[in-house]
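Engineer:
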Amino acid sequence: MDMKRVIVVGGGPKSYIPDLKAYACDECIWIGADQGAEVLVEQGIAPDIAIGDFDSVSEKSLVEIKKKSKKVLVYPDEKDETDLELAINEALRLKAGHILLFGVTGGRIDHSQANMQLLYPLMEENVKSAIIDRQNRVELVSAGEHKMEADECYPYVSFLPVTLEVTDITLEGFYYPLDRAYLPFGSTLCISNRLIEDTGTFSFESGILLVIRSTDLPT
5 MDMKRVIVVG GGPKSYIPDL KAYACDECIW IGADQGAEVL VEQGIAPDIA
55 IGDFDSVSEK SLVEIKKKSK KVLVYPDEKD ETDLELAINE ALRLKAGHIL
105 LFGVTGGRID HSQANMQLLY PLMEENVKSA IIDRQNRVEL VSAGEHKMEA
155 DECYPYVSFL PVTLEVTDIT LEGFYYPLDR AYLPFGSTLC ISNRLIEDTG
205 TFSFESGILL VIRSTDLPT
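Residue numbers (this note's numbering): 5 to 223.
1. So which of 140, 176, 167, 170 has the shortest CA-CA distance to residue 160?
2. Identify whether residue 112 lies in helix, strand or coil by the three-state DSSP scheme.
3. Anyone know if the C-beta pair for residue 73 and residue 108 falls short of 9 Å?
4. Do you know offhand how far residue 221's Cα is from residue 59's?
5. Output the boundary residues of the beta strand (DSSP E) element that contains residue 136.
6. Between which residues of its own chain and residue 53 is the CB-CB distance below 6 Å, once the five residues before and five after are set aside?
7. Any chance the CB of residue 18 is under 8 Å from a heavy atom of the ligand COA?
8. CB residue 171 to CB residue 211, shorter than 9 Å?
9. May I ask you to verify whether the region 14-22 touches the region 108-118, counting CB pairs closer than 8 Å and requiring at least 3?
10. Could you give the first and the last residue of the continuous alpha helix (DSSP H) run that contains residue 193?
11. What's the gap between the Cα of residue 100 and the Cα of residue 122?
12. Would you kindly report the start and end of the unbroken beta strand (DSSP E) that includes residue 216?
13. Since residue 142 and residue 120 should fall inside the 8 Å C-beta cutoff, what is the C-beta to C-beta distance between them, to a whole number of angstroms?
14. On the DSSP bridge assignment, give the partners of residue 163 in chain order.
15. Quick one: what does DSSP say residue 19 is sitting in, helix, strand or coil?
16. Going by alpha carbons, who is nearest to residue 29 out of 15, 39, 7?
17. Which stretch, first to last residue, makes up the beta strand (DSSP E) that contains residue 148?
18. Would you mind working out which of 81, 158, 61, 150 sits nearest residue 197, comparing C-alpha positions?
19. Could you give the residue range of the beta strand (DSSP E) that holds residue 96?
20. With distances taken between CB atoms, is the gap from residue 169 to residue 188 smaller than 9 Å?
21. Mark residue 37 as exposed unless 16 or more other C-beta atoms lie within 10 angstroms of its C-beta, in which case mark it buried.
Spelled out as structure tokens, the structure:
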């Protein structure tokens, strides 16, 4: 059974956002958070939902967003949730099984870090999720055994502990393999690895990993 895919686009720097049509699918639902709705319209995608306080878009752009979007939810400037959180809540209300997040990295580091932390409640809800930009694909992964397919768009793979420790991490099918290694918070042991087979596996007994797949941009 296919999982319902919801693509959420935030208001991060547009230069970090790839061609979104490459991630489209027949049943995809598109949600634009604040300026993210503007990005969707600019890329020729009609938002299923545009949501936020829209303080980052011009009046002219907001008119266009309202014209192109199937549903527009306007919130006040002062609120407890960020526009991105509101968008993710809408995705969960729609019972998304897979959420892709764009436009949530770059610019202010506090925004980028806070947005990455939003992966945690999604992981707790067993919702597959990833943050994607032109150079990176980021996922939060709990203990267990996981498969990884080779991806020429993001050839480098890094595993970063976000808990105080990750125990018994094993990497198979990677250039730098590991066998039940100990990975404490702050370790750089698992930075910049890569797959040497079409499919690799990684497993660990306890903790949580931030799995970052990345590439070098042309200079």
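Glycine included, each C-beta is placed from N, C-alpha and C at the ideal position.
Structural biologist: In terms of the structure at hand:
1. Looking up residue 160 in the sequence shown gives position 156. Minimum Cα distance to residue 160 is reached at 140.
2. For the purposes of this step, residue 112 is taken as the residue at position 108 of the sequence shown. Correct three-state label for residue 112: coil.
3. As a first step, residue 73 is located in the sequence shown; it is residue number 69 there, counting from the start. As a first step, residue 108 is located in the sequence shown; it is residue number 104 there, counting from the start. Result no, Cβ atoms of residue 73 and residue 108 do not sit closer than 9 Å.
4. Position 217 of the sequence shown, counting from 1, holds the residue named residue 221. Position 55 of the sequence shown, counting from 1, holds the residue named residue 59. Answer to the nearest angstrom: the Cα atoms are 31 Å apart.
5. By 1-based counting over the sequence shown, the position of residue 136 is 132. Note, residue 136: beta strand (DSSP E), 132-136.
6. Sequence index remark: in the sequence shown, residue 53 carries index 49 (1-based). Excluding residues within five positions, the ones whose Cβ falls inside 6 Å are 35, 75, 94.
7. By its list of ligands, the structure shown contains no ligand whatsoever, and the ligand COA lies outside what it can speak to.
8. As a working mapping, residue 171 is identified with position 167 in the sequence shown. As a working mapping, residue 211 is identified with position 207 in the sequence shown. In this structure, residue 211 lies closer than 9 Å to residue 171 by Cβ.
9. yes
10. Here residue 193 is taken as the residue at index 189 of the sequence shown, counted from 1. Looking at the DSSP string, residue 193 is not in any alpha helix (DSSP H), and its letter there is neither H nor E.
11. If you number the sequence shown from 1, residue 100 lands on position 96. If you number the sequence shown from 1, residue 122 lands on position 118. Computed Cα separation, rounded: 15 Å.
12. Residue numbering aside, residue 216 sits at position 212 when the sequence shown is read from its first letter. Run containing residue 216: 203-218, per the beta strand (DSSP E) assignment.
13. For the purposes of this step, residue 142 is taken as the residue at position 138 of the sequence shown. For the purposes of this step, residue 120 is taken as the residue at position 116 of the sequence shown. Residue 142 to residue 120, Cβ: 7 Å. Contact.
14. Residue numbering aside, residue 163 sits at position 159 when the sequence shown is read from its first letter. DSSP, once it has assigned bridges, lists 215 as partnering residue 163.
15. Indexing the sequence shown from 1 puts residue 19 at position 15. DSSP places residue 19 in helix when its eight states are reduced to three.
16. Against the sequence shown, residue 29 aligns to sequence position 25. For residue 29, the nearest C-alpha among the options comes from 7.
17. Taking the sequence shown and counting its residues from 1, one reaches residue 148 at position 144. Taken as a continuous stretch (DSSP letters only), the beta strand (DSSP E) holding residue 148 covers 140-153.
18. Reading the sequence shown from its first residue, position 193 is the one you call residue 197. Measuring from the Cα of residue 197, the nearest candidate turns out to be 158.
19. Reading the sequence shown from its first residue, position 92 is the one you call residue 96. Per DSSP, residue 96 belongs to no beta strand (DSSP E); it is in the alpha helix (DSSP H), 87-97.
20. As a working note, residue 169 is residue 165 in the sequence shown. As a working note, residue 188 is residue 184 in the sequence shown. Yes, the Cβ-Cβ distance between residue 169 and residue 188 is below 9 Å.
21. The residue given as residue 37 occupies position 33 in the sequence shown. Per the 10 Å Cβ criterion, buried.
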